[in-house]
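Participant:
There are 4 protein chains.
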Amino acid sequence: MPRQPTLVGNTVLLVIDIQASAFMDTKMGIPVMPGYRENMERALKVIAAARAVDMPTVFVQEIHRRDNIDYGRELDGAEGIHCREDHPGTALPAEITGQRPEDYFVPKRRYSAFFGTDLEILLKGLKAQTLILIGGMTDVCVHYTFVDGHQHDYFCRVVGDSVGGTSPQAHEASLAAMEYLQTGAVIDTEAVIAQIHALQEAA
Amino acid sequence: MPRQPTLVGNTVLLVIDIQASAFMDTKMGIPVMPGYRENMERALKVIAAARAVDMPTVFVQEIHRRDNIDYGRELDGAEGIHCREDHPGTALPAEITGQRPEDYFVPKRRYSAFFGTDLEILLKGLKAQTLILIGGMTDVCVHYTFVDGHQHDYFCRVVGDSVGGTSPQAHEASLAAMEYLQTGAVIDTEAVIAQIHALQEAA
Amino acid sequence: MPRQPTLVGNTVLLVIDIQASAFMDTKMGIPVMPGYRENMERALKVIAAARAVDMPTVFVQEIHRRDNIDYGRELDGAEGIHCREDHPGTALPAEITGQRPEDYFVPKRRYSAFFGTDLEILLKGLKAQTLILIGGMTDVCVHYTFVDGHQHDYFCRVVGDSVGGTSPQAHEASLAAMEYLQTGAVIDTEAVIAQIHALQEAA
Amino acid sequence: MPRQPTLVGNTVLLVIDIQASAFMDTKMGIPVMPGYRENMERALKVIAAARAVDMPTVFVQEIHRRDNIDYGRELDGAEGIHCREDHPGTALPAEITGQRPEDYFVPKRRYSAFFGTDLEILLKGLKAQTLILIGGMTDVCVHYTFVDGHQHDYFCRVVGDSVGGTSPQAHEASLAAMEYLQTGAVIDTEAVIAQIHALQEAA
Chain S
339 MPRQPTLVGN TVLLVIDIQA SAFMDTKMGI PVMPGYRENM ERALKVIAAA
389 RAVDMPTVFV QEIHRRDNID YGRELDGAEG IHCREDHPGT ALPAEITGQR
439 PEDYFVPKRR YSAFFGTDLE ILLKGLKAQT LILIGGMTDV CVHYTFVDGH
489 QHDYFCRVVG DSVGGTSPQA HEASLAAMEY LQTGAVIDTE AVIAQIHALQ
539 EAA
Chain X
339 MPRQPTLVGN TVLLVIDIQA SAFMDTKMGI PVMPGYRENM ERALKVIAAA
389 RAVDMPTVFV QEIHRRDNID YGRELDGAEG IHCREDHPGT ALPAEITGQR
439 PEDYFVPKRR YSAFFGTDLE ILLKGLKAQT LILIGGMTDV CVHYTFVDGH
489 QHDYFCRVVG DSVGGTSPQA HEASLAAMEY LQTGAVIDTE AVIAQIHALQ
539 EAA
Chain L
339 MPRQPTLVGN TVLLVIDIQA SAFMDTKMGI PVMPGYRENM ERALKVIAAA
389 RAVDMPTVFV QEIHRRDNID YGRELDGAEG IHCREDHPGT ALPAEITGQR
439 PEDYFVPKRR YSAFFGTDLE ILLKGLKAQT LILIGGMTDV CVHYTFVDGH
489 QHDYFCRVVG DSVGGTSPQA HEASLAAMEY LQTGAVIDTE AVIAQIHALQ
539 EAA
Chain Z
339 MPRQPTLVGN TVLLVIDIQA SAFMDTKMGI PVMPGYRENM ERALKVIAAA
389 RAVDMPTVFV QEIHRRDNID YGRELDGAEG IHCREDHPGT ALPAEITGQR
439 PEDYFVPKRR YSAFFGTDLE ILLKGLKAQT LILIGGMTDV CVHYTFVDGH
489 QHDYFCRVVG DSVGGTSPQA HEASLAAMEY LQTGAVIDTE AVIAQIHALQ
539 EAA
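Have a look at this one:
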């Protein structure tokens with residue numbers, strides 16, 4: 339049984355690393371699970387629902403400098419050079435996601451969207467209490483952003499079929515890990531859209 | 339193939355949340371997998387090996403204030419009240435682990451040992467490059483400390499049979515996730531002890 | 339003209355580095371201005387006033403490990419070895435300050451009480467909006483804690499005659515710098531006590 | 339007597355908030371001392387010297403979103419709306435400073451260039467040990483960036499006549515405060531340029 343309602347207080351949508359590469363056939367230095375692109379397309383529906391209720395939306399972008407100075411230890415594992423500023427796949431595809439100038443934009447160098455960014459400054463400004471996470475990768479940037487959101491005391495929700503992982507196993511394991519942290523955190527696209535619409539009716 | 343040697347530069351042992359409860363039959367508000375206690379006993383061998391080469395050793399303790407003010411969202415999920423300062427299981431059992439006054443001690447309020455602690459200050463003082471992680475829980479404090487160590491540019495190693503998780507599935511999934519971040523990160527007790535001994539011979 | 343009321347929302351008293359040395363005639367590795375001890379004695383009145391309205395009170399302690407590993411660059415300037423855990427002057431003098439077990443305690447290794455500590459975790463737990471600062475040194479730990487409190491979006495107040503600096507000039511300059519950040523931030527002991535009493539009457 | 343050499347190990351130049359407004363006659367919401375513009379023009383010589391030895395140079399920019407969401411408490415004091423993304427004075431004037439695409443760029447929302455930015459990630463990537471600070475304001479962004487650099491264990495140097503404050507008094511007081519933290523930290527333009535040139539001869 340969830341111990342908390344799904345959406346508590348001011349809610350912010352975090353669109354994590356939905357970059358041009360998600361809709362391209364090129365490799366991006368990161369393994370992806372089957373169905374990844376479909377999940378990213380489904381995520382667009384969550385963005386559209388957030389629009390309808392004027393929910394603040396933050397577009398997060400993993401981006402690395404072209405001299406490779408800021409990868410840290412990110413090339414010691416399964417990932418190769420990825421999300422470099424000079425790669426076409428790194429851009430945020432506003433024409434697909436519907437990103438607008440009045441949306442918030444947070445570039446990042448590490449997996450967690452809180453690490454070395456102004457996200458916490460922005461969320462305090464928005465008096466945010468709940469975060470909805472969509473995008474990728476479920477088991478890397480989404481998972482570790484969720485953990486930091488959790489550690490910063492936010493109610494965190496992740497849309498299970500609007501996030502995609504590096505493999506089906508890793509995707510499922512990370513969803514389970516997030517559910518471990520906050521019971522009821524994993525919610526599907528249809529259900530979260532219904533919750534978002536209900537905000538409007540309540541207002 | 340690992341892309342890096344196992345122990346690079348100054349190496350520090352992080353003993354994560356090996357608290358009295360690990361050796362007691364009482365519940366501690368956190369689920370544990372079968373074999374948890376055996377893994378914690380095996381971890382003591384890694385501590386002993388570190389002693390033999392004077393490797394700096396940091397004892398990390400999850401501890402919460404008795405008025406429950408600092409749990410944040412930690413009670414919204416699978417865990418109940420845990421590691422409170424007035425619970426007997428919360429203490430660090432020096433008589434079992436061999437902790438000495440000259441070892442380092444870092445208390446923490448969140449899962450990551452980097453979050454809201456002086457760990458990064460200490461590691462900079464030690465000019466640490468590699469961290470060896472033992473203790474629990476594999477899929478919570480160990481995993482998220484590894485992630486933050488990774489994000490802070492440390493070479494991170496986790497001793498697979500000297501850490502214990504909340505379930506066998508969660509334990510295995512988190513080991514796989516850490517291996518994803520740094521290939522060769524997961525190492526077993528026997529192998530890491532051999533590597534630690536080799537440091538002495540090299541010195 | 340102040341742009342904000344003095345005490346906004348939940349208010350927390352931060353007692354910064356009022357350590358035994360403040361009431362001793364020994365040197366503590368840090369220069370002190372004339373009248374320092376008198377200001378620390380005046381600060382005790384603020385603590386007493388906070389008691390009367392059950393205002394959460396945080397006792398902050400600068401403390402360094404005895405192997406000197408965590409001084410960072412703190413010995414490159416005007417200060418010598420200071421606040422080491424094995425120095426009698428480092429202790430918090432509960433018998434003088436009236437510190438109780440139910441008060442909060444935050445040890446720190448750096449000048450800012452936010453740096454490498456759990457202070458932000460605690461303040462979020464307390465849903466704090468305003469911080470009142472007393473203690474020392476005005477131009478080091480008090481000033482830089484104020485700055486971090488400011489950067490973390492807290493309303494910050496400093497009690498001008500209940501803080502003491504390393505010199506009269508440095509003390510005055512830091513008070514002016516804090517007033518620059520938040521107009522009305524510098525308040526004297528009598529006035530802040532009146533504001534604290536008014537909280538009780540309002541409740 | 340300085341306890342350390344001026345430039346220790348890898349040195350990085352931090353150009354703090356030298357924005358278009360420094361060279362314009364418009365107001366920017368922040369008070370400036372007489373001679374501010376001259377000091378900013380002098381700072382350009384330090385940038386040129388760094389070029390000659392290929393010293394990594396980081397251009398820091400204070401910039402706020404146009405909906406004012408991220409000012410935090412910055413409007414409670416002496417400053418009005420400042421450095422907003424839609425103000426002409428906020429831009430970095432590459433045509434004046436000689437900023438090149440291969441230089442590093444770090445935008446920030448708060449006074450310290452470490453707060454809510456990727457500066458620490460970048461400095462770790464560069465294996466930086468010493469920071470040279472130029473720009474403005476001496477008593478706000480420069481001072482508080484110095485303090486955080488100090489707390490992060492960097493050797494910090496500030497070029498006294500290549501930084502400018504909100505008033506002559508505040509400028510001088512902050513230089514004294516930085517010198518308190520690291521003896522020898524305050525250096526003049528001519529001397530730091532000589533030190534930078536000496537790096538080249540040593541190489």
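Top line first, the protein sequences correspond to chains S, X, L and Z.
Note that the first sequence covers residues 339 to 541 in this note's numbering.
Note that the second sequence covers residues 339 to 541 in this note's numbering.
Note that the third sequence covers residues 339 to 541 in this note's numbering.
Note that the fourth sequence covers residues 339 to 541 in this note's numbering.
The beta-carbon is built from N, C-alpha and C at its ideal position, and this holds for glycine as well.
Owing to the predicted nature of the structure, the values given are computational and were not obtained by experimental measurement.
So for L:L469, helix, strand or coil by DSSP?
Facilitator: strand
Participant: By the 9 Å beta-carbon criterion, what residues does the region 466-492 of chain X contribute toward chain Z?
Facilitator: Those would be Q489, H490, D491, in chain order.
Participant: Got a sec: is the Cβ-Cβ distance from X:L460 to anything in chain L below 7 Å?
Facilitator: Chain L places a beta carbon closer than 7 Å to that of X:L460, counting this residue as a contact.
Participant: Does DSSP put S:R411 in a helix, a strand or coil?
Facilitator: coil
Participant: Any idea what DSSP makes of L:E423, helix, strand or coil?
Facilitator: coil
Participant: Give the range of the beta strand (DSSP E) segment to which Z:E400 is assigned.
Facilitator: 395-400
Participant: Give a yes or no on whether the C-beta atoms belonging to Z:V478 and Z:L457 are separated by under 7 Å.
Facilitator: no
Participant: Report the rounded CA-to-CA distance for L:Y442 versus L:L460, giving the unit in angstroms.
Facilitator: 9 Å
Participant: Under 8 Å by Cβ, that's how I've got S:I534 and S:A381 pegged, so tell me the actual separation to the nearest angstrom.
Facilitator: Incorrect: roughly 13 Å between the Cβ atoms, too far for contact.
Participant: Could you name the residues of chain Z that L:R341 contacts, counting a contact when the two beta carbons are closer than 9 Å?
Facilitator: Residues of chain Z passing the Cβ test: L413, D414, G415.
Participant: If we ignore side chains and look at the alpha-carbon of each, how far apart do L:S450 and X:E528 end up?
Facilitator: 43 Å
Participant: Output, in chain order, the set of chain X residues within a Cβ distance shorter than 7 Å of S:R495.
Facilitator: None at all; the shortest Cβ gap to chain X is about 11 Å.
Participant: For the alpha helix (DSSP H) that L:F484 lies in, which residues bound it at each end?
Facilitator: Start and end: 481-489.
Participant: So with CB distances below 9 Å, who are the chain Z contacts of L:Y449?
Facilitator: Residues of chain Z whose Cβ lies closer than 9 Å to the Cβ of L:Y449 are, in chain order, V485, H488, Q489, L519.
Participant: When you compare the CB of L:F453 with every CB in chain Z, is at least one pair closer than 7 Å?
Facilitator: yes
Participant: Which class does Z:F361 belong to by DSSP, given the choice of helix, strand or coil?
Facilitator: Z:F361: helix per DSSP, three-state reduction.
Participant: How long is the line joining the alpha carbons of S:R403 and L:Q507, rounded to whole angstroms?
Facilitator: 44 Å
Participant: Check whether the Cβ of Z:G410 lies closer than 7 Å to any Cβ atom in chain L.
Facilitator: Answer yes: the Cβ-Cβ gap between Z:G410 and chain L drops below 7 Å somewhere.
Participant: Using a Cβ cut-off of 9 Å, pull out every chain L residue sitting near Z:T504, in sequence order please.
Facilitator: Neighbours of Z:T504 on chain L, chain order: Y518.
Participant: Opposite L:L352 in the DSSP bridges: which residues?
Facilitator: L:V396, L:L471
Participant: So, with DSSP's three-state summary, where would you put Z:R341?
Facilitator: It is coil, neither helix nor strand.
Participant: Which runs of the alpha helix (DSSP H), 4 residues or longer, sit entirely within the region 492-524 of chain Z?
Facilitator: 506-519
Participant: With Z:Y374 as the anchor, note down where its alpha helix (DSSP H) starts and where it stops.
Facilitator: 374-390 is the extent of the alpha helix (DSSP H) around Z:Y374.
Participant: How would you list, in chain order, the residues of chain S whose beta-carbon sits under 9 Å from the beta-carbon of Z:D456?
Facilitator: Within chain S, the residues whose beta carbon sits less than 9 Å from that of Z:D456 are D408, P445, K446, R447, R448, F453, G454, T455, listed in sequence order.
Participant: Under the rule that 16 or more other beta-carbon atoms within 10 Å means buried, what is L:R411, buried or exposed?
Facilitator: buried
Participant: Out of S:T476, S:E539, S:N348, S:D491, which one is the CA nearest neighbour of S:T395?
Facilitator: S:N348
Participant: Does X:V444 come out as helix, strand or coil in the three-state DSSP assignment?
Facilitator: strand
Participant: Can a CB atom of chain X be found closer than 7 Å to the CB of L:G463?
Facilitator: Taking a beta-carbon distance threshold of 7 Å, L:G463 counts as an interface residue toward chain X.
Participant: If you drop the 5 nearest sequence neighbours on each side, which residues of the same chain put their C-beta closer than 6 Å to that of S:G487?
Facilitator: L469, C494
Participant: Any idea if S:I419 is buried or exposed, counting beta-carbon neighbours within 10 angstroms, 16 or more meaning buried?
Facilitator: exposed
Participant: Taking 7 Å as the CB-CB limit, is X:N377 close to chain C?
Facilitator: Protein chains S, X, L and Z are contained in the structure displayed, whereas chain C is not.
Participant: If you follow the alpha helix (DSSP H) that Z:Q533 is part of, which residue opens it and which one closes it?
Facilitator: Run containing Z:Q533: 527-540, per the alpha helix (DSSP H) assignment.
Participant: Where do the N-terminal and C-terminal ends of the alpha helix (DSSP H) with S:E417 fall, by residue?
Facilitator: From DSSP, S:E417 is part of no alpha helix (DSSP H); its letter is neither H nor E.
Participant: Can you tell me the Cα-Cα spacing of X:A429 and S:Q467, whole angstroms?
Facilitator: 33 Å
Participant: Thinking S:Q520 and X:D408 are a contact (beta carbons under 8 Å), I'd like their distance in whole angstroms, please.
Facilitator: Rounded, the Cβ-Cβ distance is 17 Å, inconsistent with contact.
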